[in-house]
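Enquirer: Supplied in structure tokens, the structure appears directly below.
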Amino acid sequence: MAKKSMVERELKRQRLVEKYAAKRAALKVIANNEDLPMEERFKARLKLAKLPRNSSPTRLHNRCQLTGRPHAYYRKLKVSRIMLRELGSMGQIPGMVKSSW
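See the structure below:
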């Protein structure tokens, strides 16, 4: 089980990303529009830099929904490899059978 503080920190980042998504997208459109004057684009870049660092989607990290584990994460199922194996062995994942030979 991951530390509660790390899971909470990740949830806080997720909320910040959702909160600032529209503002960040609007500023990026202005900053990347080459038809606008350079000063206006530069001001948009400065405003973008003033937004909270954790509001950037690249700072998000995928975590297992059940344990909070950050590594060996299966995106399709949103669980880590360890929980995938346990759930597969218990028959909780449709179509998945643990192989044995």
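No gaps in the numbering here: position 54 of the sequence shown is 54 in UniProt numbering, and each next residue is one more. A virtual CB, placed ideally from N, CA and C, is assigned to each residue, including glycine.
Would a C-beta distance cut-off of 9 Å place Lys98 and Ser55 closer than the cut-off?
Expert: In the sequence shown, residue 98 corresponds to position 98, counting from 1. In the sequence shown, residue 55 corresponds to position 55, counting from 1. Contact: no.
Enquirer: To test your reading of the DSSP string, which unbroken alpha helix (DSSP H) runs of 4 or more residues are found completely within the stretch 4-85?
Expert: Segments of the alpha helix (DSSP H) lying fully in the stretch 4-85: 4-32 and 38-50.
Enquirer: Report yes if the CB atom of Ile30 is closer than 9 Å to the CB atom of Glu40, and no otherwise.
Expert: As a working mapping, residue 30 is identified with position 30 in the sequence shown. As a working mapping, residue 40 is identified with position 40 in the sequence shown. Yes; because the gap between Cβ atoms is below 9 Å, this pair is in contact.
Enquirer: Are at least three pairs of beta-carbons, each pair with one atom in the stretch 74-83 and one in the stretch 7-21, less than 8 Å apart?
Expert: no
Enquirer: Report all residues from its chain with a CB closer than 6 Å to the CB of Arg45; omit the five preceding and five following residues, and keep chain order.
Expert: For the purposes of this step, residue 45 is taken as residue 45 along the sequence shown, with counting starting at 1. Once the five neighbours on either side are set aside, the close Cβ partners of Arg45 are Ala31.
Enquirer: Taking only the alpha-carbon atoms, compute the straight-line gap between Asn33 and His61 and give it to the nearest angstrom.
Expert: Here residue 33 corresponds to residue number 33 of the sequence shown, with the count starting at 1. Here residue 61 corresponds to residue number 61 of the sequence shown, with the count starting at 1. Each residue's Cα considered, the two are about 30 Å apart.
Enquirer: Since Leu48 and Arg13 are thought to touch, with beta carbons under 8 Å apart, how far apart are those beta carbons, to the nearest angstrom?
Expert: The residue given as residue 48 occupies position 48 in the sequence shown. The residue given as residue 13 occupies position 13 in the sequence shown. That pair is no contact at about 17 Å.
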